[in-house]
Structures are given as C-alpha cells and as structure tokens.
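Worksheet for the structure shown next.
Protein chains in written order, with the numbering used here: chain L, 2 to 409; chain H, 13 to 262.
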C-alpha cells in the first residue's frame, strides 16, 4: 500500500514516519471503529475456516435444492458495489467530466476494498477455493460464465489497483488507461456474473437477457449510493468540511443516482409484469413469492421502500445539496440493495426444479434462512469494507485529489 | 399478399372428399403431436426422440456415442420399494446426506382409480448438459466415448453452479470426496468391469428401469424409444438439455 504514496524523491524512513504519523492522527472513536471492524473480519475468517475444515454442511443452511446462500448474494452485493464505484467514478477521471474528478481517488480505493470483501466472502462459500486458483488456469472452460467472471474480475482488480497507484503518483495518462481498462473488464466481468444466473435454462426467474443488463444498471445505482455514503462518512471521520468542488461532485452523483433509481424502477416493473402476465410456468410462482408470498416483506419494505422509493424521495428533495438527506437516502438504498441481492439469489432457487411435475416432495416454494456462520461471514465482509475504508482515510490522508485535478 | 376474399369464396369440399392418403397423414400427425397426459411435462414419442438430439437429421444418421447409454423408466411399474436407491448407495458409496437416484411420489386425490404414482429420477446424462457448460474448470464433462456425464473430482472447486444448472436436481456435494457427486450410470463401479446393467436397474424387482445402448437397434431401449404406439417422454424438455433418460407407461 505504501507504493501509493511513494515518490522517488523521499526515502523509506520518511515514508514510514509519514504513514505512522497519519495512522496516529485518528480519534478514539476512529480506533474503536477500526478495532471493531477488524474484529468482525477476524471472527468471520475464524468461523469461515472452521466451516471449511469441518465441512460446510454442518454449519451452513444451504441445501441440495438451494445450494447458494447468503454468501453468494453478499458476494454479488460487493462486486455490484465495486463495479458501480468503478463505473460512476470513471465518468470523471477516465471520461474527463470535471465535476466528477474529486470523488475519483476514494471511489477507486473503495472499489478495491469492496471487491476484496467480495472475494473474502466467496472464499468461504466455495467449498474448495484453492482448487480454483489451479484449475481456473490449467483447465479453463470458456463456455462457463463463472470462469469468465472470475478471470475478468481478477484482471479488473489488477487494473483498479494499478489505477489507484497511478492516481496517487499523479501519473494521469497511465491512470486513465488503467481506469478505462478496469471499466471495460468490470463491465465484462459483471455482465458475466449476470449471465451466471441469466443463462441457466430451467431456472425461469433468472433465465433470459435481463440479468446481465440489470446487473450493470443496478451496479451504477449502487455506485452512486456508496459514493455519497462514504464521502459523507469520510468527511465526518476526518472532521473536515467539504469544499465547493466536492459538494458539486456529490450533487451530480445525486442526479445520476435519481436517474438510475428511475431506470431500475422501470426495469423492476416490467420484470414483475412479465412474470405475472400469462402466468409463465416457474416464473409466475417466483414473482408471486415476491409480490405476496414469503419474500413479500423483503420485496415491498426493503427492495421497493428502502431500496428505491425512500432514496428517490431523499435524493430528489435534497436537490443534491442537503447532505444529511442524501446520506440517509444512500444508507437506506444500500440496505435495500443488499436485500435485493438476497432475493435475487434466493427467489431464483426457491421454485423447485420439479415443481411443475406436481410431486409431493416439491409442491411448495422453498425457503432459506442464513445460519449463524453464514451471517457472521457476511457481517465480516461488511466489516472488511469498513476496516479498509477507515484505514484508507488515514493512510491516504482523506484521498485528496485537488492537486491531482489541477495537474491537467 | 395473401388474398383473403378469394379464400372466403372457396367452396367447402367436405371431409368426405379428402383423399385417404391425406387422412392418414393427418391422423399420423395427430398421433405424433398428441402428448398423452400422465402428469408433469410430457411429450409424445416423436417429439422426445427429436429432443434427444440437436436436430432430427442427426438422429436419423447416427447416435453420437458408442455405446450411447440410455435408460427407459416404466413409471407405472415402480412400487417405491427403494431397492434401486439402496443398491445405488451401496454400489457407489453414496453418503447418507446425498443420493444419486430417488423415487418421487405424486398423489392425485381426485383421480379416477389409482391415486398415487411413483417417479424414479436420476441424472439424465443429457446430450446438451448445462452442468458441463457452466463448470469453470471442466471438473464435470461429457465422456467422449459413451456420453456419460462424468466428474473429475480433483478439479471440482465446489462452486455448485452445476447444481444450479441441473434441471433434474441430480447433483449434490459429497463432503467425503470434497467434490460434487452424481450418477454416472455406475460406470466406474459396474459398467467398466463388464456388467451390463447399472446397480439400480439390476436391483429393481419390477423391471422398471430398462438400461441399454440406444445406438444399438436391437437393444430394448432402442425399441422402446423408437416407436409411436406408446407415449415416451422426458422430464423438463423445456430446459433443452436433450436427456437420455426416457419415461413411459405400460
């Protein structure tokens, strides 16, 4: 990480004292939060490794019929967030829209933090992750969306990391190149994640071109929320006042956020209508589980209420200037989006594959409740993002970009 | 353009004037298209054969595998004695938490006469399997010789995408093997050792499961699938996987 602030003109000792100085500058509350989030990660890693060693079956609530649990949805949530941060922030530092410049560094840093949190969570969902490292390379299956997603996200992470380094070294051209390449890899990776679900025939709720398209759009929506949330929090953590440029950046992010919520509302409406009109087999049952079945509270309260309507109202009423309203809107939206991911993964599996056969075993829509371990690992993933965010604020001195922006 | 008025002016020739050949053709088409209802997703013999392959021409020329293993299940013969399930578990060391085959039960209280039936299910060894397409590491693959969907357990990362992709719920994670496990028509435990039948087919006291080589025209499975007198169907044809496990009655 020290690379990010290294320049050839300063010695290692100077860097060390600078890093130590920056890390020591936090308040008591800061250290308490850092410790707490660090603990959450440690607990998650502990229980995750325990489950891995003893066998996941005893500790996770996933079943043969519903093999993907909350850890998959948490992974989707984190990588959605990461892709969104990358895409929204690239408007400024890659495509040159000046208003977005001030959010670049922190957003790129957070996109790295969130994707690492995603990898952290998925490592405990995949049963034998170390085999992935070997056989993804020596036995690749190019028809597999999972393979493409994993490979492209690897490339994405590499570019985002390089971009962050270049941004901090004030090397504009390579930063733009890496930012652009990272965005392309991110879009390709993320739409492949959508296709992991969308190309499964016989899983009617997922099947079709909707998933990859929806994933990219909702990633950008999430990106807006996360940018607003973490910039608001960052200035609280650092005890600073936002300057005019930063306020303007959040104002335009707020505007894009409004647009994207509307787009997602439009998408969701037609997704629901297409699943109800004509009662398509398999899909209808899944949609009705969201509308009036066991997932209805999730759908109406979290997805629609907290994920879309409330943030839309807050963003709109804030006019991009009332930071408290924007903060509340984005916090509510992020919680709503997490539940959206949960529902997306669970509802797709909830209709048994033999439901239409009318057999006694699979007459009903299935349900899943996360186990303690699964819950702790998910919280650990959130802890990891918070831990890295807090550490990043001090280590990179509030991700100041003013000097960088003035360079070109 | 199609002239509507001229069509309306055409005289009704009456069915009595339809030539015998055309009548026969029409009836044949009716037989071919009529899926005889027996629960679940059912297709008539002709359509199920078409669904075995990417195209019917391919079917007419030859089967892609030699031997092309297949199973025809006489659904009405199953009495749910579960000897197949036990034989499968014993033959293939299936742990208690999993199964490679099982018997589903369907109750139809309003039916006239018999009100319950049993539906044995197992891996359909599909010709276009989704599990092999989605596997990131080729840990599951279609055997190029016999078409059986196999597992290379050393490559399985346990992402369980194959379980999501399987329209037949035929896969489970085997904690002992540290890999996803599934039916392979007892290839390693029986067929490769010279046995002619799978464990389940051999154990069935009611000859419910007929196992054989679909590419052999003298085989029982070939004769059962390639006829139009009795309905033959596959489960979940809409998933497009072209299964090699067929169902029939009678």
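The beta carbon of each residue, even a glycine, is placed where N, CA and C say it ideally should be. Keep in mind that this is a model prediction, so the values were computed, not measured.
As assigned by DSSP and simplified to three states, the class of residue i
i, result
"residue 190 of chain L", "helix"
"residue 99 of chain L", "helix"
"residue 23 of chain L", "helix"
"residue 134 of chain H", "strand"
"residue 199 of chain H", "coil"
"residue 194 of chain H", "strand"
"residue 250 of chain H", "helix"
"residue 60 of chain L", "coil"
"residue 391 of chain L", "helix"
"residue 285 of chain L", "helix"
"residue 113 of chain H", "strand"
"residue 12 of chain L", "coil"
"residue 252 of chain L", "helix"
"residue 366 of chain L", "coil"
"residue 75 of chain H", "coil"
"residue 346 of chain L", "helix"
"residue 170 of chain H", "coil"
"residue 257 of chain L", "helix"
"residue 375 of chain L", "helix"
"residue 140 of chain H", "coil"
"residue 239 of chain H", "coil"
"residue 293 of chain L", "coil"
"residue 243 of chain L", "coil"
Cutoff 6 Å; reference residue i; Cβ partners in own chain excluding five residues on either side
i, result
"residue 255 of chain H", "136, 138 and 246"
"residue 173 of chain H", "146"
"residue 343 of chain L", "74"
"residue 257 of chain L", "225"
"residue 315 of chain L", "326, 329 and 330"
"residue 4 of chain L", "Below a pLDDT of 50, predicted positions are generally treated as unreliable, and residue 4 of chain L, at 47, falls in that range; no measurement from the model is reported."
"residue 45 of chain H", "A caution first: residue 45 of chain H carries a pLDDT of 43, below 50, which makes its placement in the model too unreliable to give a value."
"residue 112 of chain L", "83, 86, 87 and 161"
"residue 123 of chain L", "76"
"residue 188 of chain H", "107"
"residue 71 of chain L", "371, 375 and 379"
"residue 303 of chain L", "337 and 340"
"residue 98 of chain L", "92"
"residue 69 of chain H", "For residue 69 of chain H, the pLDDT reaches just 46, beneath the cut-off of 50, and the residue's location in the model is therefore unreliable, although a value from the coordinates is still provided. Here the set comprises nothing."
"residue 177 of chain H", "142, 143 and 146"
"residue 319 of chain L", "326 and 327"
Which residues DSSP lists as bridging residue i, in chain order
i, result
"residue 86 of chain H", "H:260"
"residue 129 of chain H", "H:118"
"residue 245 of chain H", "H:259"
"residue 225 of chain H", "H:81"
"residue 303 of chain L", "Residue 303 of chain L pairs with nothing; no bridge assigned."
"residue 162 of chain H", "H:153"
"residue 184 of chain H", "H:193"
Own chain, CB closer than 8 Å to residue i, minus 5 neighbours either side, in chain order
i, result
"residue 296 of chain L", "290, 344, 347, 348 and 351"
"residue 273 of chain L", "288, 291 and 292"
"residue 277 of chain L", "285, 288, 289 and 292"
"residue 171 of chain H", "148"
"residue 251 of chain H", "142 and 179"
Same chain, Cβ closer than 7 Å to residue i, neighbours up to 5 away in sequence not counted
i, result
"residue 59 of chain H", "Since pLDDT at residue 59 of chain H reaches only 43, below the 50 mark, its modelled position is unreliable, and no value is offered."
"residue 286 of chain L", "352, 356 and 366"
"residue 149 of chain L", "193"
"residue 207 of chain L", "198, 199, 201 and 349"
"residue 220 of chain H", "85, 86, 89, 90 and 132"
"residue 332 of chain L", "230"
"residue 418 of chain L", "The structure shown does not extend to residue 418 of chain L, since chain L is modelled only from 2 through 409, so no value can be given for it."
"residue 103 of chain H", "198, 201, 202 and 211"
"residue 62 of chain L", "70, 369, 370, 371, 372 and 375"
"residue 39 of chain L", "388"
Between the region 215-222 of chain L and the region 361-376 of chain L, can you find at least three pairs of beta-carbon atoms closer than 8 Å? no
Complete alpha helix (DSSP H) runs within the region 162-229 of chain L (minimum length 4 residues, chain order): 173-199
Across the region 353-367 of chain L and the region 375-389 of chain L, are there enough close Cβ pairs to call them in contact, namely three or more that are closer than 8 Å? no
Give the list of continuous alpha helix (DSSP H) stretches no shorter than 4 residues that lie fully inside the region 97-150 of chain L. 105-126 and 130-139
Checklist entry - Hey, is the region 168-187 of chain L in contact with the region 89-104 of chain L, meaning 3+ C-beta pairs nearer than 8 Å? => result yes
(Q) Does the region 178-198 of chain H come into contact with the region 115-128 of chain H, if we say contact requires no fewer than three beta-carbon pairs (one atom in each stretch) closer than 8 Å? (A) no
Quick one: complete alpha helix (DSSP H) runs, 4+ long, within the region 26-96 of chain L?
29-55 and 71-94
Touch check for the region 77-93 of chain H and the region 163-170 of chain H: three-plus C-beta pairs under 8 Å? no
Report task. Name, going along the chain, the residues of the region 169-184 of chain H whose beta-carbon falls closer than 7 Å to a beta-carbon of chain C. Result -> The chain labelled as chain C is not found among the protein chains of the depicted structure, namely L and H.
Three-pair Cβ contact test at 8 Å for the region 9-26 of chain L versus the region 383-401 of chain L:
yes
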